[in-house]
Each structure stands twice: as C-alpha cells, then as structure tokens.
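Down below is the structure, laid out as structure tokens.
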Amino acid sequence: MIREYHRPQTLDEALTLLTRPNTVPLGGGSLLSAWTTDSISVVDLQSLGLNTIKKQGNNLEIGATTTLQQLLEDDNCPEALKSALKLEAPLNLRNSATVAGTLVACDGRSTFATMMLALDTKIQQTIFDNSKIDSRILNIGDFLPLRQSGLITSIQIPVNIKLAFEYVSRTPADKPIVCAALAQWNSGRTRLALGGYGKSPMLAMDGTEAEGLDASTSDFVLRSAQAAARNAFHEATDEWASAEYRSDVAATLAKRCVESFL
Ligand SMILES: Cc1cc2nc3c(=O)[nH]c(=O)nc-3n(C[C@H](O)[C@H](O)[C@H](O)COP(=O)(O)OP(=O)(O)OC[C@H]3O[C@@H](n4cnc5c(N)ncnc54)[C@H](O)[C@@H]3O)c2cc1C
Numbered sequence: 000m001i002r003e004y005h006r007p008q009t010l011d012e013a014l015t016l017l018t019r020p021n022t023v024p025l026g027g028g029s030l031l032s033a034w035t036t037d038s039i040s041v042v043d044l045q046s047l048g049l050n051t052i053k054k055q056g057n058n059l060e061i062g063a064t065t066t067l068q069q070l071l072e073d074d075n076c077p078e079a080l081k082s083a084l085k086l087e088a089p090l091n092l093r094n095s096a097t098v099a100g101t102l103v104a105c106d107g108r109s110t111f112a113t114m115m116l117a118l119d120t121k122i123q124q125t126i127f128d129n130s131k132i133d134s135r136i137l138n139i140g141d142f143l144p145l146r147q148s149g150l151i152t153s154i155q156i157p158v159n160i161k162l163a164f165e166y167v168s169r170t171p172a173d174k175p176i177v178c179a180a181l182a183q184w185n186s187g188r189t190r191l192a193l194g195g196y197g198k199s200p201m202l203a204m205d206g207t208e209a210e211g212l213d214a215s216t217s218d219f220v221l222r223s224a225q226a227a228a229r230n231a232f233h234e235a236t237d238e239w240a241s242a243e244y245r246s247d248v249a250a251t252l253a254k255r256c257v258e259s260f261l
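Residue numbers (numbering that gives the first Met the number 0): 0 to 261.
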C-alpha cells in the first residue's frame, strides 16, 4: 500500500526524498500500484525530465522514465528491439511501464531485458546510501542478478550494430518459453542472451571475432552460438517446459539469429 506520494521537480529533491526509509522510486507505477501489505512511500519521477531518448555517436541514451511504447516508436529503435518490446507487454501497459521500472522488476521471461542483456546495456545509477549521494555505471550483466538499489537515471545501448531476436511461445502474443537475442558489433564481438526461464535472462555467449560474420567466421559463430545456447539451458526445467526442450529450442533460435546476419 502506498502511504505517501511525492512528485519532486528536481533530481536533487528526488534523491533527498529517496534517502528516507521505505521510500522507493515510482516509474510507470504499473507494479508499484498493485495492492500489497507493505507500506511504502513513493517518489514519482515523472516531472524530472528523464523521459528523453538521445542519439550520441554510436549510442542511444534512454532516460529512465522513457516508456516502453515511446522507445518502440523512436526512429532509432532497431527493428529487432521493437519485436521484443511488443512481446514485453500489451499497448496499455507499454504506455505506462518505463524502461528502468521494467529492468528492476523483470524476470527471466522479459523479452526487453533479454534484448538489453545482448546489447550489453550500461545502467546509469545514482546511489543514496545514508547521507552520501554518488553515481555509477553498471553493466546490465552485473545489475540483473543483484538488482542493486539506487535511482536509475538512464540506460545506454549501442546502435549501428547487428541485432536479431527470435522466440517461441505458447501463442504469438504470449511471453516466450524461450527467446534469443543476438548482438554483433562491427569488431565482430558477438553476444547471445537467452530469456524465457528463471529470475533473469542469461548471457549464453560473449565472444570476440576479429573479422565479424564473413564467410570464414560465420560457421564458427554459428556453431559457438548453438553450443552456448544449448549449454545455457541444460537445467532450465519449470512448469512451462523441460530443460531438454529449452536447450533444443534455444540452439535453433540461436541458429536463426546468426543466419539472419548473413
Ligand atoms: C496487467 C499487468 C501485467 C503485468 N505483467 C507482467 C509480466 O508479465 N512480467 C513482469 O515482470 N511484470 C509484469 N507486470 C508488472 C509491471 O508492469 C512491469 O514489471 C513494468 O514493466 C514495471 O515498470 P514501471 O515503470 O511501471 O515500474 P514501477 O511499477 O513504477 O516500479 C517497478 C519497480 O522498479 C523500481 N523503479 C522504477 N523506476 C526506477 C528507477 N528509475 N530507478 C530505480 N528503480 C526504479 C520501483 O521502485 C519498483 O521497485 C504487469 C503489470 C500489470 C499491471
């Protein structure tokens, strides 16, 4: 239950409020407004101007309160990311859920978080520990397992790289049982993230290839991605699917992602 609501006009004001006990940031509020027995105070971030998307060189800096729909409609949003965003939540929810709130609250079935993991997203966070306020940048791979507390002000993803997304779910609009996101930089660095299981998406592969996906290396990347995908899900059994099924499907989806780059 929300017992106190604050809507600060400046970041400093927000940070000061967030040093109070049982006080948390409110993004789109889609999760925080759900009924619970916990008594919390919320600091609504909507007046802080953190909902901008800026292209800076080869990166896209996405403000923390940017909604999923706003990102989906941005000219710089890659097509593969648009597909993942559409699966993350239906339109009404995408119009309120923010990128930061979604990363903080996500589980392993989050297509958005899986894509962010493949992209090696950087998370800009301000920490309010006792009376000390500090900033840091976290790699998403470090953030997701621990969800360190602190105010996320923006996230940064690379653009101008190859990106693919594939999934299998019960129905086309359902959250995936297995999904794969593959990112490849011009340097040939290739990251494969898998979602559809557990508490967080998992990184299956982060490999460096000097030549990228040309004819001589594509077969190696294909085999590496398939093997990595199969291994990553070797214990991924839950009520939705067995580990054996997930491993097979993950390998197939990884293959499709690699082949989409050729
Ligand atoms: C109908 C419905 C269906 C849903 N289905 C799913 C689902 O399938 N899977 C799922 O995972 N969730 C689901 N949710 C929960 C929720 O909608 C999503 O997790 C959503 O993306 C959260 O985003 P938000 O901006 O609304 O977060 P909020 O509700 O505002 O906050 C969520 C969490 O993130 C923290 N937070 C928000 N902004 C920041 C910030 N800038 N810095 C640090 N912390 C921050 C909050 O303190 C809170 O702990 C559903 C909700 C609804 C209403």
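Positions of the beta carbon are idealized from the N, C-alpha and C atoms, including for glycine.
If we require 3 or more residues per run, which beta strand (DSSP E) segments fall completely within the region 143-190?
150-157, 161-168 and 175-183
Paired residues, beta bridge with residue 192 - DSSP:
Taking the sequence shown and counting its residues from 1, one reaches residue 192 at position 193. Its beta-bridge partners are 180 and 202.
Exposed unless 16 or more other CB atoms sit within 10 angstroms - verdict on residue 245:
Counting from one through the sequence shown, the residue named residue 245 turns up at place 246. Classification for residue 245: buried.
Contact under 8 Å by Cβ, residue 40 with residue 2:
One-based indexing of the sequence shown puts residue 40 at position 41. One-based indexing of the sequence shown puts residue 2 at position 3. It is a contact, given that the beta carbons lie within the stated cut-off.
Nearest-angstrom Cα distance between residue 82 and residue 164?
Locating residue 82 in the sequence shown gives position 83, counting from the first residue. Locating residue 164 in the sequence shown gives position 165, counting from the first residue. Rounded to whole angstroms, residue 82 to residue 164 spans 7 Å at the Cα level.
Considering only the beta carbon of each residue, do residue 88 and residue 96 sit closer than 8 Å?
Position 89 of the sequence shown holds residue 88. Position 97 of the sequence shown holds residue 96. It is a contact, given that the beta carbons lie within the stated cut-off.
Residue 26 versus residue 231 - alpha carbon distance:
Translated into the one-based positions of the sequence shown, residue 26 becomes position 27. Translated into the one-based positions of the sequence shown, residue 231 becomes position 232. Going from the Cα of residue 26 to the Cα of residue 231 covers about 32 Å.
Apply the 10 Å Cβ neighbour rule to residue 9 and answer buried if 16 or more other Cβ atoms are within range, or exposed otherwise.
Your numbering for residue 9 matches position 10 in the sequence shown. So residue 9 counts as exposed.
Considering only C-alpha positions, which residue in the set 94, 23, 125 and 250 is nearest to residue 191?
Here residue 191 refers to the residue found at position 192 of the sequence shown. Selected option, being the one with the closest Cα: 250.
Residue 113 versus residue 180: straight-line alpha-carbon distance, rounded:
Working through the sequence shown from its first residue, we reach residue 113 at position 114. Working through the sequence shown from its first residue, we reach residue 180 at position 181. C-alpha separation (whole angstroms): 6 Å.
Which residues have their C-beta within less than 6 Å of a heavy atom of ligand 1, listed in chain order?
23, 24, 25, 26, 27, 28, 29, 30, 31, 44, 63, 92, 95, 96, 97, 99, 100, 101, 103, 104, 105, 106, 109, 150, 151 and 174
DSSP on residue 95, reduced to helix/strand/coil?
For this step, residue 95 is matched to residue 96 along the sequence shown. Coil at residue 95, not helix or strand.
May I ask you to verify whether the region 218-238 touches the region 131-149, counting CB pairs closer than 8 Å and requiring at least 3?
no
Could you check the C-alpha separation between residue 172 and residue 57 for me, to the nearest Å?
Start at 1 with the first residue of the sequence shown, and residue 172 comes out as number 173. Start at 1 with the first residue of the sequence shown, and residue 57 comes out as number 58. Straight-line Cα distance between these residues: approximately 32 Å.
My assumption, with CB atoms under 8 Å, is that residue 75 sits in contact with residue 90. Please give the rounded CB distance.
Residue numbering aside, residue 75 sits at position 76 when the sequence shown is read from its first letter. Residue numbering aside, residue 90 sits at position 91 when the sequence shown is read from its first letter. Between residue 90 and residue 75 the Cβ distance is about 21 Å, and since that is not below 8 Å, they are no contact.
Buried or exposed: residue 170, going by 16 or more other Cβ atoms within 10 Å of its Cβ?
What you label residue 170 is simply residue 171 of the sequence shown in a count that begins at 1. Exposed, because fewer than 16 other Cβ atoms sit within 10 Å of the Cβ of residue 170.
Can you give me the C-alpha to C-alpha distance between residue 21 and residue 154, rounded to a whole angstrom?
Mapped onto the sequence shown, residue 21 falls at position 22. Mapped onto the sequence shown, residue 154 falls at position 155. Answer to the nearest angstrom: the Cα atoms are 25 Å apart.
Do you know offhand how far residue 186's Cα is from residue 157's?
Along the sequence shown, read from residue 1 onward, the residue named residue 186 stands at position 187. Along the sequence shown, read from residue 1 onward, the residue named residue 157 stands at position 158. Distance between the alpha carbons of residue 186 and residue 157 is about 13 Å.
Expected contact under 8 Å - CB spacing of residue 160 and residue 14 to nearest Å:
Locating residue 160 in the sequence shown gives position 161, counting from the first residue. Locating residue 14 in the sequence shown gives position 15, counting from the first residue. That belief does not hold up - the Cβ atoms of residue 160 and residue 14 are roughly 33 Å apart, past 8 Å.
In three-state DSSP terms, what is residue 50?
If you number the sequence shown from 1, residue 50 lands on position 51. Residue state, collapsed to three classes: coil.
For residue 137 and residue 256, what's the separation of their Cα atoms in angstroms?
In the sequence shown, counting from the first residue as 1, residue 137 sits at position 138. In the sequence shown, counting from the first residue as 1, residue 256 sits at position 257. Between residue 137 and residue 256, the C-alpha separation is close to 27 Å.
Measuring alpha carbon to alpha carbon, tell me which of 176, 162, 235 and 200 ends up nearest residue 258.
To locate residue 258, count along the sequence shown from 1; it is residue 259. Taking only the C-alpha atoms, the option nearest residue 258 is 162.
Nearest neighbour of residue 188, chosen from 177, 199, 217 and 243 [CA to CA]
Residue numbering aside, residue 188 sits at position 189 when the sequence shown is read from its first letter. The shortest C-alpha separation from residue 188 is found at 217.
Among 174, 200, 176 and 168, nearest to residue 143 - alpha-carbon criterion:
Residue numbering aside, residue 143 sits at position 144 when the sequence shown is read from its first letter. Closest option to residue 143, Cα to Cα, is 200.
From what residue to what residue does the alpha helix (DSSP H) around residue 261 run?
Indexing the sequence shown from 1 puts residue 261 at position 262. Where residue 261 is concerned, there is no enclosing alpha helix (DSSP H), given that its DSSP letter is neither H nor E.
For residue 100, is the classification buried or exposed, using 16 other Cβ atoms within 10 angstroms of its Cβ as the cut-off for buried?
Residue 100 sits at position 101 when you count from the first residue of the sequence shown. By the 10 Å Cβ count, residue 100 comes out buried.
Element boundaries [alpha helix (DSSP H), containing residue 29]:
Along the sequence shown, read from residue 1 onward, the residue named residue 29 stands at position 30. Looking at the DSSP string, residue 29 is not in any alpha helix (DSSP H), and its letter there is neither H nor E.
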